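A short worksheet on the structure shown next.
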């Protein structure tokens, strides 16, 4: 079964600290993997898109890694800010136009 | 561009009533997607269109759900009759090309539907 699992489900960190979110997937065939940020009450916003041949991609303080062999990805957030408080969703592109979403990691950053 | 626009933002209706959700995709985008988000199941694809034509509706839960795209700038998702278990946030998204081409999908703000 094609699945995307994320851990942890929730995370609390202090402002200025780093954190890493994990994503494991069993989707096959795999085309690309995305990380989205979803603020409360808003739609998801894309952070990164990686193909199977890419190992890492950065977007400001966000760095995503991908190991297509082990089917694992991570999102590292550096020097967290209060505005990073959101849900982070790992999404895998399956076949041509299907996106399979993880249930997300809810991150809370406290001052 | 204002992005993907959905209306209404919130909808509260009684069980058995018809509900219509609306979406205006980003101009020039050939693909439009309808998703449903719940706490238990996360985001799930309901249906998607390419050039106004429905391509895959395998995610539509029941015959009570229907979606149309009469033109490139407008789509509707209708639930008739609505049931309490339909309560969720419904998102519309659009993209320029197929997502397999690594193109970005842009989401609207969503419609929070509550069926009482």
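Protein chains in written order, with the working numbering: chain S, 398 to 508; chain P, 64 to 179.
In this text, a Cβ means the ideal position worked out from N, Cα and C, and glycines have one as well.
This structure is a prediction, so every number in the text was calculated from the model and none was measured.
Can you find the residues in the same chain that come closer than 8 Å, C-beta to C-beta, to residue i, ignoring five residues on each side of it along the sequence?
i                     : result
residue 144 (chain P) : 78, 79, 80, 81 and 127
residue 147 (chain P) : 78, 178 and 179
residue 72 (chain P)  : 172, 173, 174 and 175
Give the interface partners of residue i over in chain P, defined as CB-CB distance under 7 Å, in chain order.
i                     : result
residue 495 (chain S) : 108
residue 439 (chain S) : 172
CB-CB under 6 Å to residue i, same chain, minus the five flanking residues each way: which ones, in chain order?
i                     : result
residue 460 (chain S) : 473
residue 152 (chain P) : 100, 173 and 175
residue 419 (chain S) : 404 and 471
residue 484 (chain S) : 435, 501 and 503
residue 424 (chain S) : 399, 489, 491 and 497
residue 83 (chain P)  : 139 and 141
residue 112 (chain P) : 95 and 132
residue 409 (chain S) : 505
residue 159 (chain P) : 92 and 166
In its own chain, which residues sit with a C-beta less than 7 Å from the C-beta of residue i, not counting the 5 before and 5 after it?
i                     : result
residue 479 (chain S) : 412, 506 and 508
residue 414 (chain S) : 477
residue 468 (chain S) : 421, 422 and 423
residue 447 (chain S) : 429, 430, 454, 461 and 463
residue 107 (chain P) : 98, 99 and 122
Can you name the residues of chain P whose CB is closer than 8 Å to the CB of residue i?
i                     : result
residue 501 (chain S) : 105
residue 399 (chain S) : In chain order: nothing, as chain P lies at least about 12 Å away.
Locate the beta strand (DSSP E) running through residue i, then write down its first and last residues.
i                     : result
residue 96 (chain P)  : 94 to 101
residue 108 (chain P) : 105 to 113
residue 486 (chain S) : 483 to 491
residue 446 (chain S) : 442 to 448
residue 87 (chain P)  : 82 to 87
residue 117 (chain P) : 116 to 119
residue 503 (chain S) : 502 to 507
residue 496 (chain S) : 495 to 498
Counting only Cβ pairs nearer than 8 Å, list the residues of chain S close to residue i.
i                     : result
residue 118 (chain P) : 494
residue 153 (chain P) : Going along chain S, no residue has its Cβ under 8 Å from residue 153 (chain P), so there is no contact; the nearest lies around 11 Å.
Checking the sheet assignment: what are the DSSP bridge partners for residue i?
i                     : result
residue 74 (chain P)  : P:176
residue 474 (chain S) : S:416 and S:459
residue 129 (chain P) : P:141
residue 464 (chain S) : S:469
residue 434 (chain S) : S:442 and S:485
residue 454 (chain S) : S:461
Would you mind telling me which residues of chain P sit closer than 9 Å to residue i, beta carbon to beta carbon, in chain order?
i                     : result
residue 507 (chain S) : Per Cβ cutoff of 9 Å: no residues; residue 507 (chain S) is ~23 Å from chain P at best.
What in chain S is Cβ-close to residue i, meaning under 9 Å?
i                     : result
residue 130 (chain P) : Result: empty, since nearest Cβ-Cβ is about 15 Å, beyond 9 Å.
Listing by chain order, which chain S residues have their CB less than 7 Å from the CB of residue i?
i                     : result
residue 135 (chain P) : Residues of chain S passing the Cβ test: none, with the nearest at roughly 17 Å.
residue 65 (chain P)  : Those within 7 Å of residue 65 (chain P) in chain S number zero; the least Cβ separation is about 13 Å.
Inset, instruction - For the segment 402 to 429 of chain S, list the beta strand (DSSP E) runs that are entirely contained and at least 3 residues long, ordered along the chain. - result: Those beta strand (DSSP E) runs which fall completely within the segment 402 to 429 of chain S and span 3+ residues are 407 to 411 and 416 to 422.
Legend entry - Entirely enclosed beta strand (DSSP E) segments - the segment 134 to 170 of chain P, minimum 3 residues: Every unbroken stretch of the beta strand (DSSP E) spanning 3 or more residues and falling wholly within the segment 134 to 170 of chain P is given here in chain order: 137 to 142, 151 to 158 and 168 to 170.
Legend entry - Chain-ordered residues of the segment 443 to 472 of chain S with a beta carbon less than 8 Å from chain C: Chain labels in this structure do not include chain C; the protein chains are S and P.
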